[in-house]
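Residue numbers (the working numbering): 2 to 892. Glycine included, every Cβ here is placed at the ideal spot set by N, Cα and C. All figures in this text were calculated on a predicted structure; none of them were measured in a lab.
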């Protein structure tokens, strides 16, 4: 075909030929540019299912625009031939260069491939055939991935039975080899094979024929790269090893994570991430075999030295954190970072916990729309979501690490660490603020507006063991820790006159006598260490001061032991934990960047526009009936409600301290705002005119409201949540709250339909959060609206559409906040509705808080920094020695 003209393309030269057709270099005479034309095989004819599938996938691939992806300009047909018009890449295939690459070149190529894959995966596009022939290296060094959209066609044309494989032998993932369903993690496996080959010059899986190679891929682990090339570091070895995990759930979960891991290794290749006093050779010089007799100063336990995702394998700690029997061995302080995947960031109003033996880490992880407990073994890279823990906060290990206690929607639960059914222990009657095990038989928890409680580990009625002193302005006692004597608690006291927890106080109190002593004025999340120090957080740094646990006194001036320790200034939470073996884990996030949230408009077309000119620690926002005003909460140690006039652009304070005020909703006539507020140890409902012209009016007394969601359209009732159940408050003279929907499950976000005949809500009764609709005011049969997860339902003002958010039904492969879904309400007598449909994706790290009166825009809270979650943890091994060194001579 060279020299011919096809359509408006002059064929210049043949570039290559393969199973998917012939590729030519051509001149586009219309746009005057060089392009590559790939002519598809003759069997891919017009009207065939193969071509239809290909066109659908190639169109999606054509939407990709990334420097590391070869651009597809179009799909055309001329003279009975189907061909793809692609960017012309002037360079060499990786196949031609892979055997001559230096380690530095291989890592750089790997980074660029991972970046390109990440961009495609974010769009929901999987390559399925990553191999050297599909990677081009341009003359300027840029790497580009070729042939997106072709692998599925290749498989469809070559194999006819359902469940057949798609890919190239040697580079296929185990799930591809076995004909199982694949997703983006299959590309990550193939990338791992490429990295292995580029770095070692050998294939990780070998065989004389394809069947033998396939057997190896499924059944045989790849050898350590260092066994082939001794100069390959443990860090780099672990990065590639995790890409090559057989189980997709154990594999690195995101291509972006691979890119970040390689970048960090590249950046740190000239130095380790250990403390500066530790030579880099300390990794390689560890003895591979040792006795446990302690007779030799160099004999230690056998080590396992894989490397953490991003820097060092978290498993590095398992040997170092275990008790050593060779007492004469000097153990160096070591530091490294852990980067968590974006879909499992640590949520801010919670904590992290490490088991006493240092072998397990637990945290509440999520992506902004849902949370669950995430476990990470210290001798493995993979994250393990703990099934049945949706919505969990404050996971805390039992002393023997067999159980995790946690809170979900105001209920204290426990679940076996090994997995299994969760058990309800008690209603918290509000929200917890810190959970700890007193011993194997009882659990302690702090309360959002009360004291510290004790409950049996088998369940029962909580017993108050501390009570806030309202006469001195105390609101709550939080984040309890039991001292070694088993008789004394350390906790943080929240008072009604503080603006942030930098002004809180940390106290120690005898459980039996109630004797209390102030340890620190100005700090939160106090923790006593076996070294005899009190560690706490203030102003974004971690402090330590010597403490005498017998006299409950501190001695000396506090010193900063870690700069940049993360804290939630509004709730007092901090991310720090340590094991009995001396492993310290904390988040180094900058607190100045935490909690900054922008309120914006999100249109159905995906366009985001500013709603307020400035960002703040906004918590929620609800529109007035006329859409001209916004009631929002600004988070602080004592949250307050503010009213924003959208046209005038004025933000006016509505409540004035004395405890948290939250969940503002508007009366149907727009004259009043009803809200939940802490007054003393309870959270009750109040209302006052939106313009603050009269004082607030108390609507209830003695409730523990965890969410106020909706005002009935006739103005006669409000719906709220208490202890995971839906309650109704009639706004008549009696104002007697009554439970409307009480079940073993956790219900949330009840919202009245515009005609007042239905109530939409979310529930986890199926094991995951879904959206339901139930008749009101008389209960009847409920209707399940969502099928792939759902939260925060909102009705359109005309009642013809029900919106909700999901983190799974939309953009499952996007690392985003999920998406907005809706159903069309086609009838109300009886209730009838359409199948769910996508409305618009949510931007990363965002949630919706309301819908505009015309139903065309959504109020969007965009977490511009790290308010939804933290993604970095720092691990310090032999931290007790580090702590003593940093505090030496401080008295």
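As assigned by DSSP and simplified to three states, the class of residue i
i	result
residue 593	Any reading at residue 593 must be qualified, since the residue scores a pLDDT of 44, below 50, and its modelled position is unreliable; no value is offered.
residue 657	coil
residue 193	helix
residue 230	coil
residue 284	Residue placement at residue 284 is poorly supported in this model, since its pLDDT is 27, which falls under 50; the coordinates still yield a value, given next. Note: residue 284 maps to coil in three-state DSSP.
residue 553	coil
residue 164	A caution first: residue 164 carries a pLDDT of 33, below 50, which makes its placement in the model unreliable, though a value can still be read off. Looking at residue 164 - three-state DSSP - the assignment turns out to be coil, as it is neither helix nor strand.
residue 639	coil
residue 134	helix
residue 794	strand
residue 291	With a pLDDT of only 32 at residue 291, under the threshold of 50, the placement of this residue in the model should not be trusted, and no figure is reported.
residue 37	strand
residue 200	helix
residue 250	coil
residue 177	helix
residue 449	coil
residue 630	strand
residue 830	coil
residue 235	helix
residue 708	strand
residue 340	strand
residue 296	Because the pLDDT of residue 296 is 34, which lies under 50, any placement of that residue in the model is unreliable, and the number read from its coordinates should be weighed accordingly. In the structure shown, residue 296 sits in coil (DSSP, three-state: anything other than H, G, I, E or B).
residue 207	coil
residue 355	strand
residue 576	coil
residue 408	strand
C-beta contact flag for residue i and residue j at 7 angstroms
i	j	result
residue 360	residue 335	no
residue 37	residue 84	no
residue 726	residue 746	no
residue 532	residue 355	no
residue 564	residue 588	no
residue 199	residue 102	yes
residue 526	residue 638	no
residue 339	residue 874	yes
residue 374	residue 390	yes
residue 624	residue 851	yes
residue 202	residue 351	no
residue 634	residue 620	yes
residue 92	residue 138	yes
residue 493	residue 507	yes
residue 730	residue 719	yes
residue 821	residue 841	yes
residue 539	residue 557	no
residue 426	residue 445	no
Residues bridged to residue i [DSSP beta-bridge criterion]
i	result
residue 374	365
residue 617	598
residue 427	413
residue 94	137
residue 739	729
residue 851	860
residue 402	Paired residues: none, contrary to the question.
residue 610	602
residue 106	In DSSP, residue 106 forms no bridge with anything.
residue 483	490
residue 76	85
residue 646	630 and 651
residue 384	377
residue 683	680
Top-ranked residue by Cα proximity to residue i, from the options
i	options	result
residue 553	510, 586 and 693	510
residue 241	720, 250, 248 and 259	259
residue 392	82, 411 and 97	411
residue 143	67, 208 and 121	67
residue 752	778, 738, 769 and 766	778
residue 755	116, 802, 244 and 889	802
residue 243	231, 228, 92 and 223	223
Below-7 angstroms beta-carbon distance, residue i vs any chain C residue
i	result
residue 848	Included in the structure is just one protein chain, with no chain C present.
Problem set entry | Unbroken stretches of the beta strand (DSSP E), 3 residues or longer, contained in the region 506 to 564 | Counting whole runs of 3 or more residues, the region 506 to 564 contains the beta strand (DSSP E) stretches 506 to 511, 517 to 522, 525 to 529, 534 to 539, 542 to 549 and 560 to 564.
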